[in-house]
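Per the working numbering, the sequence shown starts with residue 62, numbered consecutively. Idealized CB from N, CA, C, for every residue including glycine. Predicted, not measured: the structure shown is a model, and the values here were computed from it.
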Amino acid sequence: MAGKIPAQFIDDLIDRVDIVDLINGRVQLKKTGRDYQACCPFHDEKTPSFTVSREKQFYHCFGCGAHGTAVGFLMEYDNMGFVDAIEELAQQQGLEVPREGGHSSGPDLRPLYETLEHTTSFYGQQLRKHPQAQQAVAYLKERGLSGEIAAEFGVGYAPPGWDNLINQLGSDKEGLERLRITGMISEPDGKCYDRFRNRIMFPIRDRRGRVIAFGGRVLGDDKPKYLNSPETPIFHKGRELYGLYEAHQALRKIQQLLVVEGYMDVVALAQFGIRYTVATLGTATTNEHMEQLFRVTHKVIFCYDGDRAGREAGWKALKTTLPLMRDGREARFLFLPDGEDPDTLIRKEGTEAFTQRIDNATPLSQFMFDRLSEEVDTSEPGGRARLAELAKPLISTLPKGVFRNILQQQLNEIVGLDTSHIMGTTEQAPARKRQTNPRSSHKPMPLVRRAITILLQHPQLALLQGLPEKWHELDSTGTNLLEKLLELVQNHPNLKSAQLIERWRGTDEYPHLSKLSTTDLLLPEQGIEGEFRDTLIAIEQQIRTDELNQLVEKAKTATLENQEKDRLNQLLRENSSQR
């Protein structure tokens with residue numbers, strides 16, 4: 062099992078990365094004073110409220126509240142997991158990610174990625190140079206593909222023959238083993254053969270742009286017509302979506318994603334300017350597919366053939382999607398005319414007409430109720446009751462919220478019945494919290510939270526000599542956290558704000574610390590040290606005041622012990638001397 066990534070490595074990595082350069086490579090930033098600004102990439106806005114601080118190595122949007130470090134930005138913008146984000150930043154810096162206990166992140170998979178990159182180059186060369194590639198070129202031209210789109214998607218050609226790729230990359234034992242592990246060879250009778258022969262080749266890339274597998278479309282009469290790589294250590298077809306990487310590269314922000322069934326459909330639609338298309342890889346849509354889609358966009362449109370098989374595939378996708386339909390997400394279904402697929406149809410009717418079909422796609426709720434209505438006679442009361450029974454298990458899989466309530470109301474209208482006894486009590490959707498700008502808040506911040514905020518934004522304050530210490534006596538979650546932050550910086554004096562925050566990623570405190578790190582306290586730079594000391598002193602005063610009030614209240618109803626009397630007198634003297 063892989064060990065954890067050492068915290069010290071993450072500290073060093075964040076110290077090397079410039080968050081301004083990282084974000085500017087994806088979102089055009091403009092310098093405003095010490096910081097940089099842009100329209101937020103995480104929500105629609107006309108006036109820039111997205112700020113990036115080179116000094117703090119932090120980004121923050123005053124509009125939607127998005128905030129974080131370079132790691133957090135990659136996780137949110139590029140939809141990466143934490144480990145993937147660390148590996149991406151490390152790769153940019155030419156570093157290898159270590160693991161605690163001497164463990165690496167598992168087997169070294171880089172040679173496998175390199176093998177598939179070389180394979181992509183080989184297939185690309187064969188498309189341009191092989192004598193028998195004319196048929197492949199003619200097919201691509203017939204489909205209307207330009208050289209630019211073919212190059213962008215890395216389209217290539219696997220020539221006829223049993224061992225072209227083996228001779229190119231598998232001439233030694235190690236090379237042959239890599240081809241075997243990546244699924245590029247087959248061994249039906251104990252002998253090694255190229256898996257892909259006389260096929261147009263489509264590299265399948267992961268979200269980081271690494272080639273992880275291939276899809277091949279046959280040119281002759283061989284079967285199957287379409288062939289994908291088998292499952293390998295780096296390719297799991299139930300997780301991957303063909304074209305998602307290319308969509309990210311083409312679009313600044315992905316407003317919606319169109320899910321089709323084949324890689325040729327993705328490439329053909331891209332040729333006609335529809336750059337938000339992805340395809341599943343010879344498998345039905347899975348939960349992992351849907352989670353990945355909804356991390357990228359709030360709106361997903363499924364596109365299927367209009368025949369019975371296409372509608373069955375759409376129904377399966379609907380049932381997979383329902384449990385993931387949190388409020389704010391949208392799913393639609395587009396069924397094409399019989400005998401058409403996206404590739405053929407868009408070449409017949411053009412981009413505008415096809416885009417109109419996408420815009421008019423059937424909402425999930427309508428598709429669901431239309432499909433269920435086909436199974437009953439809604440003109441009869443019994444049929445309508447049966448419709449309610451059929452809808453019950455489907456609607457019950459929806460997350461609680463507004464969308465679920467809406468579907469229940471639609472069902473009520475369709476069947477003309479009160480279905481609350483069938484579906485359960487209608488839930489009231491919780492009101493969404495309004496994002497407030499910390500600059501506009503006049504409510505005084507609790508003292509411990511204020512001290513934590515100052516320290517997060519200025520970690521060097523933990524190194525000051527002679528800081529007040531009696532505040533430790535206040536036993537609360539806040540003071541315990543403040544103590545841990547101080548101790549961490551004192552043990553690691555070079556920690557900056559972004560590194561300090563990352564030390565808490567994955568904990569319950571992380572969301573709160575991350576938010577506090579961007580809260581503007583409107584303090585002058587030259588007064589930060591005094592403000593921090595004064596806040597700690599005020600915490601101590603609060604402790605004394607609380608203790609004094611408790612003793613006074615107790616004295617009203619009971620006799621104090623001598624020790625308590627002495628403490629009360631001491632607190633009264635201290636309180637009097639401070640007036």
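| Asked | Found |
| --- | --- |
| Residue ranges of each alpha helix (DSSP H) within the stretch 254-314, 4 or longer | 305-311 |
| Whole-angstrom distance between Leu468 and Leu406, CA atom to CA atom | 33 Å |
| Burial state of Asp233, where buried means 16 or more other Cβ atoms lie within 10 Å | exposed |
| Cut-off 7 Å between Cβ atoms - residues of its own chain near Arg239, not counting five sequence neighbours on either side | Pro172, Leu173, Thr176 |
| Cβ shell of Leu633 (< 8 Å), same chain only, five flanking positions each side left out | Leu609 |
| Residues bridged to Ser426 [DSSP beta-bridge criterion] | For Ser426, which the question treats as bridged, DSSP gives no partner whatsoever. |
| Rounded straight-line distance, which links the Cα of Tyr306 to that of Arg268 | 5 Å |
| Cα-Cα separation between Leu584 and Lys453, rounded to whole angstroms | 56 Å |
| Distance between beta carbons of Ala151 and Glu137, contact taken as under 8 Å | Going by Cβ atoms, the distance from Glu137 to Ala151 rounds to 19 Å, so no, they are not a contact pair. |
| Helix, strand or coil at Asp366 [DSSP, three-state] | strand |
| Straight-line Cα distance separating Leu522 from Ile598 | 15 Å |
| Separation of Ala146 from Arg160, as counted between CA atoms | 15 Å |
| Same chain only: Cβ atoms within 6 Å of Asn259, ignoring 5 sequence neighbours per side | Pro221, Leu280, Gly281 |
| Per-residue DSSP class, three states only, for Ala512 | helix |
| Cβ contact check for the stretch 354-369 and the stretch 386-395: 3 or more pairs under 8 Å | yes |
| DSSP three-state assignment for Gly217, whether helix, strand or coil | strand |
| Backbone CA spacing between Leu508 and Glu292 [nearest angstrom] | 55 Å |
| Collapsed DSSP secondary structure at Ser501 in the structure displayed | At Ser501 the pLDDT is 43, less than 50, meaning the model places this residue with poor confidence and gives no usable figure here. |
| Contacts around Gly217, its chain only, beta-carbon distance under 7 Å, and the 5 residues preceding and following it disregarded | Thr181, Tyr184, Gly185, Gln187, Leu188, Met262 |
| Between the CA atoms of Tyr324 and His191 - distance to the nearest angstrom | 23 Å |
| Pairwise C-alpha distance: Glu301 and Glu248 | 25 Å |
| Ala616, DSSP secondary structure in three states | helix |
| As assigned by DSSP and simplified to three states, the class of Gln118 | coil |
| Residue burial classification, Trp565 (beta-carbon count within 10 angstroms, cutoff 16) | buried |
| Continuous alpha helix (DSSP H) stretch holding Glu401: start and end | Element bounds for Glu401: n/a, residue is neither H nor E. |
| DSSP beta-bridge partners of Gly129 | Tyr120 |
| From Phe333, Glu622, Arg393, Leu542, residue whose alpha carbon lies closest to that of Glu641 | The shown model of the chain, from 62 to 640, leaves out residue 641, and the question about it has no answer. |
| Minimum C-alpha distance to Glu570 - residue among Lys531, Arg510, Asp581 | Arg510 |
| Assigned exposure category for Glu530 - 16 Cβ within 10 Å defines buried | exposed |
| Three-state secondary structure (DSSP) of Val88 | coil |
| Nonlocal neighbours in the same chain, by C-beta distance under 7 Å from Leu422, ignoring five residues either side | Checking the sequence, you will find Ala at residue 422 rather than Leu. Excluding positions up to five away in sequence, the list reads Ile362, Arg393, Phe394, Leu395. |
| Buried versus exposed, by CB contacts within 10 Å (16 or more), Leu525 | exposed |
| Residues that Ala392 bridges to, as DSSP identifies them | Val361 |
| Residue-chain proximity (Gly231, chain D), Cβ-Cβ < 8 Å | Looking for chain D here will not work: only one protein chain is present. |
| Proximity below 8 Å, CB of Ala311 to CB of Asn289 | no |
| Presumed contact (8 Å Cβ cut-off) between Gly270 and Tyr303, rounded CB distance | Rounded, the Cβ-Cβ distance is 13 Å, inconsistent with contact. |
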